[in-house]
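Trainee: For the sequence shown, the working numbering begins at 23 and goes up steadily by one. Note that the Cβ used here is the ideal one computed from N, Cα and C, for glycine as well. First the structure, then my questions, so here it is.
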Amino acid sequence: MKVLLAGALLTVVFLAVLSYEFYVEPRRMELAEAQVKANSIEFGAEIYQTGCAQCHGPQGQGGIGTAVGDPVWLALYDDDYIRRAIAGGRGQWQGSPMVAWGEELGGSLRRDEVEDLVHFIRNWQIPPCTSPGAGLPDCYSTPEDLAPYVVARNLPRYSDEQLARFGLQPLKSPVPRTWDSVLRGQALFQSCTSCHGPQGLGDGPAAAALPIRVANLRSEYVQQRVPDGEIYYLIKNGFWHGIMPAWGFLESQSPTAIWDLTNYIKSWGIPEDQIPGSPAAQALLGQAAGGS
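Printed below as a string of structure tokens:
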């Protein structure tokens, strides 16, 4: 009888301990994970101030590099994108000076240090709201709440798909890509050749002396992935803190000037016979008329 009572008592104690662990352990693990994350953010802050702040700004406000503290940028790009950009660099895009920091590609950061940096950068993000009545600048309820940030931070720099996530319409050209517009843009492009080269390959005589690689405007990336609105914006407002000067004054000479220049640049990515009014298009029309 005593053995049975002792066994029952041990069972009760065991179940009590098990129940306690069942309810307490998740909370303990949650606190432990939060502490690990906090430590990671702290380590990431040290790495950022040492190796990243000079280009991206002490508060992530941008400079030579992307504004990685921008709430819109953080809402658009996930941790994996940030991780790959840090470890692998971004030098293949638009002449970016962002090098690979991961030790696998010759950089100085271990994988755990890259992860610390990702956690620190993500810490700047405006979080989604979790309580009624809360809102900007502390949190956002829907992506549309961030629309003012998009507009304030160069709307044309975002793709049509990205803008749609914030309930915004992309900047579209009011000037059709006709042959006349392309020819006007070609004449204007002569002022760009010292850096971009006569064929837009980024090999102009002044390019070698610049601190960044000049973009190859004929690249598949520029021709297929960069929207017209972004090219227009960069021509009008300049790039890399004046390394590419602002050409907005051209619009005082002709309201279509910058769009004409944009049309000329983007004409390199399409067959000439698809440009209305071009000799090739006219020839096709003549052939069609002769065949009928």
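1) Just the Cα atoms here: how many angstroms apart are D225 and Y243?
2) Would you tell me roughly how many angstroms separate the C-alpha atoms of R112 and L256, rounded to the nearest one?
3) Less than 8 Å between the CB atoms is what I'm expecting for C214 and L232, so what's the real figure, rounded?
4) When you compare only the Cα positions, how much space is there between A209 and A56?
5) Can you list, in chain order, the residues of its chain with a C-beta nearer than 8 Å to that of L127? Leave out the 5 residues immediately preceding and following it.
6) Check each candidate in F142, D182, P227, V173 and name the one with the smallest Cα separation from R105.
7) Where does L306 land, buried or exposed, given buried means 16+ other C-beta within 10 angstroms?
8) Report the option in D202, V197, P267, V236 whose CA atom is closest to the CA atom of D250.
9) How about Y254 and T284: do their beta carbons lie closer than 8 Å?
10) Determine the direct distance from the alpha carbon of A302 to that of Q309, and round the result to whole angstroms.
11) Check whether the segment 142-154 touches the segment 88-105, taking contact to mean three or more Cβ pairs, one atom from each stretch, closer than 8 Å.
12) On the premise that G82 lies in contact with V90, defined as a C-beta separation below 8 Å, what is that separation, rounded to the nearest angstrom?
13) The alpha helix (DSSP H) spanning Q184 covers which residue range?
14) Give me the Cα-Cα distance between S276 and V204, rounded to the nearest whole angstrom.
15) Output the distance between the C-alpha atoms of L131 and I63, rounded to the nearest integer angstrom.
16) Once you ignore the five residues that flank M266 on each side, which residues in its own chain have a CB closer than 8 Å to its CB?
17) Please work out which residues of its chain come closer than 8 Å, Cβ to Cβ, to C161, disregarding the five sequence neighbours upstream and downstream, and give them in chain order.
18) Return the chain-ordered list of same chain residues with a C-beta closer than 8 Å to the C-beta of I297, the five sequence neighbours on each side being excluded.
19) Does Q116 pass the burial test, meaning 16 or more other C-beta atoms within 10 Å, or should it be called exposed?
20) Given a threshold of 16 other Cβ atoms within 10 Å of its Cβ, counted over all protein chains shown, does L139 qualify as buried or as exposed?
21) Which residue's Cα is closest to the Cα of V136: F271, Y70, Y171?
22) If D167 and G157 are in contact, beta carbons under 8 Å, what's the gap, nearest whole angstrom?
23) Pick out whichever of D182, I86, Q246, G73 has its Cα sitting closest to the Cα of R235.
24) Secondary structure at P301, three-state DSSP: helix, strand or coil?
25) What residue range is occupied by the uninterrupted alpha helix (DSSP H) comprising S203?
26) Buried or exposed: which applies to I292, given that a residue is buried once 16 or more other Cβ atoms fall within 10 Å of its Cβ?
27) Output the boundary residues of the alpha helix (DSSP H) element that contains F142.
Mentor: Taking the coordinates as given:
1) Counted from its first residue, the sequence shown places residue 225 at position 203. Counted from its first residue, the sequence shown places residue 243 at position 221. Each residue's Cα considered, the two are about 17 Å apart.
2) Taking the sequence shown and counting its residues from 1, one reaches residue 112 at position 90. Taking the sequence shown and counting its residues from 1, one reaches residue 256 at position 234. So the alpha carbons of these two residues sit roughly 19 Å apart.
3) Against the sequence shown, residue 214 aligns to sequence position 192. Against the sequence shown, residue 232 aligns to sequence position 210. Incorrect: roughly 13 Å between the Cβ atoms, too far for contact.
4) Residue mapping note: residue 209 aligns to position 187 of the sequence shown, counting from 1. Residue mapping note: residue 56 aligns to position 34 of the sequence shown, counting from 1. Taking the straight line joining both Cα atoms gives about 60 Å.
5) As a first step, residue 127 must be located in the sequence shown, where it is residue number 105. Answer for L127: A109, G110, G111, listed in chain order.
6) The residue labelled residue 105 in the question sits at position 83 within the sequence shown. Minimum Cα distance to R105 is reached at F142.
7) As a working mapping, residue 306 is identified with position 284 in the sequence shown. Its Cβ having fewer than 16 others within 10 Å, L306 is exposed.
8) As a working note, residue 250 is residue 228 in the sequence shown. D250 has its Cα closest to that of V197, out of D202, V197, P267, V236.
9) Translated into positions along the sequence shown, residue 254 becomes position 232. Translated into positions along the sequence shown, residue 284 becomes position 262. Yes, Cβ-Cβ distance for Y254 and T284 is below 8 Å.
10) Sequence index remark: in the sequence shown, residue 309 carries index 287 (1-based). Sequence index remark: in the sequence shown, residue 302 carries index 280 (1-based). Going by the C-alpha atoms only, they are around 11 Å apart.
11) yes
12) For the purposes of this step, residue 90 is taken as the residue at position 68 of the sequence shown. For the purposes of this step, residue 82 is taken as the residue at position 60 of the sequence shown. Contact flag correct, Cβ pair sits at about 5 Å.
13) Taking the first residue of the sequence shown as position 1, residue 184 is located at position 162. Run containing Q184: 182-187, per the alpha helix (DSSP H) assignment.
14) Residue 276 sits at position 254 when you count from the first residue of the sequence shown. Residue 204 sits at position 182 when you count from the first residue of the sequence shown. Approximately 14 Å, taken between the alpha carbons.
15) Locating residue 131 in the sequence shown gives position 109, counting from the first residue. Locating residue 63 in the sequence shown gives position 41, counting from the first residue. Looking at the two C-alpha atoms, the distance is approximately 15 Å.
16) The residue you call residue 266 lines up with position 244 of the sequence shown. Excluding residues within five positions, the ones whose Cβ falls inside 8 Å are C217, L256, G260.
17) In the sequence shown, counting from the first residue as 1, residue 161 sits at position 139. Closer than 8 Å at Cβ, skipping near neighbours: I148, P149, P150, C151, T152.
18) The residue labelled residue 297 in the question sits at position 275 within the sequence shown. Closer than 8 Å at Cβ, skipping near neighbours: R199, T200, W201, V204, S289, A303.
19) Your numbering for residue 116 matches position 94 in the sequence shown. Model confidence at Q116 stands at a pLDDT of 49, short of 50, so the residue's coordinates are unreliable and nothing is read from them.
20) For the purposes of this step, residue 139 is taken as residue 117 along the sequence shown, with counting starting at 1. The residue is buried, with at least 16 neighbouring Cβ atoms inside 10 Å.
21) Mapped onto the sequence shown, residue 136 falls at position 114. The option with the nearest alpha carbon to V136 is Y70.
22) For the purposes of this step, residue 167 is taken as residue 145 along the sequence shown, with counting starting at 1. For the purposes of this step, residue 157 is taken as residue 135 along the sequence shown, with counting starting at 1. Yes, D167 and G157 are in contact; Cβ-Cβ is about 7 Å, under 8 Å.
23) Position 213 of the sequence shown holds residue 235. Selected option, being the one with the closest Cα: I86.
24) If you number the sequence shown from 1, residue 301 lands on position 279. In the structure shown, P301 sits in a helix (DSSP, three-state: H, G or I).
25) Here residue 203 refers to the residue found at position 181 when the sequence shown is read from its first residue. Run containing S203: 201-211, per the alpha helix (DSSP H) assignment.
26) Taking the first residue of the sequence shown as 1, we reach residue 292 at position 270. Exposed, because fewer than 16 other Cβ atoms sit within 10 Å of the Cβ of I292.
27) On the sequence shown, position 120 is the one that residue 142 refers to. Counting along the chain, the alpha helix (DSSP H) containing F142 begins and ends at 133-144.
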